[in-house]
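*Asks:* In the numbering used here, the protein residues as written are 157 to 241. The structure under discussion is supplied below as structure tokens; questions concerning it will follow.
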Ligand SMILES: [Zn+2]
């Protein structure tokens with residue numbers, strides 16, 4: 157009976173050693189660079205990840221939006237700046 161207990165103990169130690177040699181690599185691929193950069197939608201002022209945003213050049217300047225709809229609205233609002241009435 158003792159031998160079984162010793163065997164289980166050794167397996168536990170062995171398992172612990174293996175785990176310490178091979179740590180779980182779950183959060184290794186976390187991106188901290190430009191991929192996860194947050195930008196603000198100038199139309200609805202919502203913050204969105206840059207890689208998921210919609211990019212539009214409006215009067216020569218690139219803008220980032222949460223959706224096509226926001227891009228359209230912002231473009232429309234910028235077009236009508238010189239109009240009166
Ligand atoms: Zn938006």
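Ideal placement from N, C-alpha and C gives every residue a C-beta, glycine not left out. Model, not experiment: these values are computed from the prediction.
Determine the direct distance from the alpha carbon of residue 228 to that of residue 197, and round the result to whole angstroms.
*Replies:* Cα to Cα, residue 197 sits roughly 12 Å from residue 228.
*Asks:* What beta strand (DSSP E) runs, 3 residues minimum, are completely inside the stretch 163–232?
*Replies:* Within the stretch 163–232, the complete beta strand (DSSP E) runs of at least 3 residues are 194–196, 203–205, 210–214, 217–221.
*Asks:* Nearer than 8 Å: is that true of the beta carbon of residue 199 relative to any heavy atom of ligand 1?
*Replies:* Yes, the beta carbon of residue 199 sits closer than 8 Å to at least one heavy atom of ligand 1.
*Asks:* Under 9 Å between the Cβ atoms of residue 232 and residue 219?
*Replies:* No, these two residues do not count as a Cβ contact at 9 Å.
*Asks:* Using CA coordinates, which residue listed in 158, 161, 177, 222 is at the minimum distance from residue 200?
*Replies:* The option with the nearest alpha carbon to residue 200 is 222.
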